[in-house]
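These notes concern the structure reproduced below.
Protein chains in written order, with my numbering: chain A, 1 to 422; chain B, 423 to 1041.
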């Protein structure tokens, strides 16, 4: 790698370039060269090719050593926010070995990518994980929450968590339940476009998130991401209401069942009255999670046998049912068996908007009689996370059900209003 | 001089990385705004050209149209490379005898002027190392690339640039020749031949702006200069000539600077606003009125070198002014043109004293309402003036309508390319190439030969048909039974001259009707321009156009009466000059006939008339 070669193909072509790692999807015997022009090309090497190793190339732009060391060299005066990194697009760059993107490592590399981060005040960078968010598991939510509490105790006035967007909604909901009291904002932020491209939304998302993290009016877990396609408006979502609703758009994150808690536009932060104020008692970590809860998405064709097998060994399950919270009548039997055996079965709607309600249709009433707990407008993911939390806090099924019904951190919305544009 | 060409042709295959049509659209559906920043490339360098653009700190607003989807908005990853566009590039590679890559890797080329929403242009090298045969010469082909066209710039004001996304993502085939072009004329010929090859694939877009040429020019002792986006082939020689001249003058400036041992550092810039308080016109007065500043920098040893030398219009002063214009200033003032522009001799002398400039030294003034911008401009000017000691900086230049070009940005380097990881490499197999080879279109040379033989056309007419992209229309009309020579004339001369813009598409059916009308004697072939003009200005049918052009009636009898009248009026001249009177009288006659009768018929009638006069007994 990095070797400069002259390649002669007897069929009449010559190539001079630097050998670079082949793409992970490259074909057999393909040598990838970076030509003088900057283009990468793939050349299938024949047995009759001849090579000549060339003199070292002229030195390219010097590598920024700051990036490699990753030392935590920034002083942290009293008034600072902390940036907890977990990996993900917002903190990832092109990996030439796999052809994909890899997480950025260390504080130096982060500041290298986001040089403007320090422009509005001190930021302490705390690396926590080094993973794409699909690799973040429920166990990690507790570690992260404890780290948040610790970081507040160490003096941060607000905390930004850079996170991959795929499971960002889960993490935000989990932190909401695990950190019911906070002395300042916990702002989860991500990027839909990697920072190695000039158009990355990571830059402006992070800047907006840092701004929100300095706001003294907020004492809860929120998600800050693009509100639209422009780099000028950012929505502040409650951690328990937010969902990734698009696989690639910048404004993929949307609040369901309620409008966002606020908007960042330039230096201005507009907040809704619903925002929970900071707690005077500091951060309280309210673990643990019990991981024996599960989430099952109902679909036509899902057999009762499959579903029952899936639930085996669980203390609780959240169903994402159709419409107002339904499954086929054939499922009622195993559900009744499960609830009678002490498994908590909760129902949400896979419509992702609106409530689950057992009393409108016969199937709903049947499920209700079978012991299913309907969780109103909780998103299936939020309900699942809350289930893990409730299982961790109660041993009897009835107590778990009570905890699930309780509005802990503003996760239930009593009034569902139109958005104005209807 | 050495010149090479890069020809960029838009393809009509649909967009390169999404399913949108490759068409422009005025149906704007919304807009959004973004900022871009230079990001580190593969080797962690930040490209000079990219950093340079990012330094302007602009906001970009993008208009979306019905011809766009999320991909152009940088809101969805690119889809796979358009197979039809790839086939077109492969076809060209095979026709140009180039080596096709075994695996095509799509790259990102950093472009942070906002013309790409992503901040980069996707581009892939498809083939390299071919040649183009033209007459007896062979021109090397360095590369054949497939890339995305950029968004269309609509306006720029107040730090915001407005682009429209319709053009973004239209496939461009880029064919680059080696530096083999020796004469400016050759540049045009080679460009024309590459254009003919492109059209032979039948997958290219047509009309103004669908084909653009970049010129790479370097002269002995000079550096490589890229003039980007020449749209008119006939102007190519002009741009080459002006660039050669510009480089000649700048090299002369360098030699004279070296001869004077000009210093390679400049004294710091000074604020001279107060010295010029009395100036009451021009840019200086304007800046002062708006509480701006006037900054000055001395350029030791530059006296007389900022203005054009005798017999040339090129000058270093203009290069310096380009740097100021780049930041949005209107221009500069320099000592070679003072006193002037509202600054009198007295003020000039005061400036000189203040700057400590001797008779060998020059100075430059920058006036602007913003002190920050003026300072930045002066920094750029000083850097450019220093570069004059080295000769000619490598740069990208924009062509201007008058044949000149203007600084646009430093030439981008290899640091601005890194892999587009969202698109998998595309293997090209022997079977792919066999399929392409089986469907190769007729080469322009073979096409020209066939046209000449099949339709008995002279080489120049054939050349114009091929170069102008008229072959399909020509063959279609000729096969309908219209006279080839008349069809060729209509397509190569009358249509291009007919106005309505080069982009006007003339439906074949309409042209067929027009030719039928002419051939049935409704009007002479000299009447085409008038009929076309009538159609261009709104006549809905050929019939009405003929009427509107005033061609709908000159009978043979009327022609005879007209000939009689003209001959009668010129008896004296005919008697004196005999048959030589034909030419001047034919001119008069044709003006009156205005294409209503065939030219040959008119000539015959005039010859008869002249003969009649000459045969009369002399009085």
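The C-beta atom is built at its ideal place from N, Cα and C for all residues, glycine as well.
- Per DSSP, the continuous beta strand (DSSP E) segment holding residue 569/B begins and ends at 559-570.
- Your pair residue 547/B and residue 565/B checks out as a contact, with CB atoms roughly 6 angstroms apart and the cut at 8 angstroms.
- No Cβ of chain B is located within less than 8 angstroms of the beta carbon of residue 166/A.
- In this structure, residue 433/B sits near residue 626/B, with a CB-CB distance shorter than 8 angstroms.
- Near chain A, meaning a CB-to-CB distance below 8 angstroms, the residues of the region 479-507 of chain B are 492, 495, 496, 497, 498 and 499.
- Between the alpha carbons of residue 812/B and residue 123/A lies a gap of roughly 45 angstroms.
- DSSP places residue 203/A in the uninterrupted alpha helix (DSSP H) bounded by 202-213.
- Around the beta carbon of residue 191/A, 16 or more other beta carbons lie within 10 angstroms, which makes this residue buried.
- Secondary structure note for residue 661/B: its alpha helix (DSSP H) is the uninterrupted segment 658-681.
- Within 10 angstroms of the beta-carbon of residue 15/A lie 16 or more other beta-carbons, which makes it buried.
- For residue 808/B, the uninterrupted alpha helix (DSSP H) run begins and ends at 793-809, by DSSP.
- In the structure shown, the three-state DSSP call for residue 413/A is coil.
- Contact check between the region 363-372 of chain A and the region 319-328 of chain A: three or more CB pairs, one atom from each, fall below 8 angstroms, which counts as touching.
- By the C-beta density criterion, residue 34/A is buried, having at least 16 other C-beta atoms within 10 angstroms.
- For residue 550/B, the closest of 152/A, 41/A and 133/A by C-alpha to C-alpha distance is 41/A.
- Rounded to whole angstroms, the separation of the alpha carbons of residue 997/B and residue 1029/B is 14 angstroms.
- For residue 553/B, the enclosing beta strand (DSSP E) starts and ends at 542-556.
- Among the residues of the region 518-529 of chain B, those with a Cβ less than 8 angstroms away from any Cβ of chain A are 521, 523, 524, 525, 526, 527 and 529, in the order of the chain.
- Counting of Cβ neighbours within 10 angstroms places residue 426/B among the buried residues, the total reaching 16 or more.
- Those residues of the region 836-853 of chain B placed with their C-beta closer than 8 angstroms to a C-beta in chain A are 836, 837, 838, 839, 840, 841, 843, 846, 847 and 849, ordered along the chain.
- Within the region 533-551 of chain B, 533, 534, 538, 539, 540, 541, 542, 545, 546, 547, 550 and 551 place their CB atoms closer than 9 angstroms to a CB of chain A, listed in sequence order.
- Here the alpha carbon of residue 296/A sits roughly 13 angstroms from the alpha carbon of residue 305/A.
- By DSSP's assignment, residue 428/B forms a beta bridge with 598/B and 636/B.
- Residues of the same chain with a CB within less than 6 angstroms of the CB of residue 537/B, apart from the 5 flanking positions on each side, are 572 and 573 in chain order.
- Closest by C-alpha distance to residue 268/A, out of 234/A, 13/A, 329/A and 356/A, is 234/A.
- CA-to-CA, the gap between residue 778/B and residue 746/B works out to about 23 angstroms.
- Any Cβ of chain B closer than 8 angstroms to the Cβ of residue 193/A would place that residue at the interface, and such an atom is present.
- CA-to-CA, the gap between residue 113/A and residue 646/B works out to about 33 angstroms.
- Take the alpha-carbon of residue 814/B and the one of residue 53/A: they are about 34 angstroms apart.
- In terms of beta-carbon proximity, residue 41/A lines the interface with chain B, with at least one pair separated by less than 8 angstroms.
- Between the region 677-687 of chain B and the region 716-726 of chain B there are three or more inter-stretch CB-CB distances shorter than 8 angstroms, so the stretches are counted as touching.
- Those residues of the region 438-458 of chain B placed with their C-beta closer than 7 angstroms to a C-beta in chain A are 454, 455, 456, 457 and 458, ordered along the chain.
- Residue 453/B is positioned such that its CB atom lies no closer than 8 angstroms to that of residue 482/B.
- Residue 10/A is outside the set of residues whose beta carbon lies under 8 angstroms from a beta carbon in chain B.
- Under the Cβ criterion of 8 angstroms, residue 198/A is counted among the residues facing chain B.
- Collapsing the DSSP output to three states places residue 928/B in coil.
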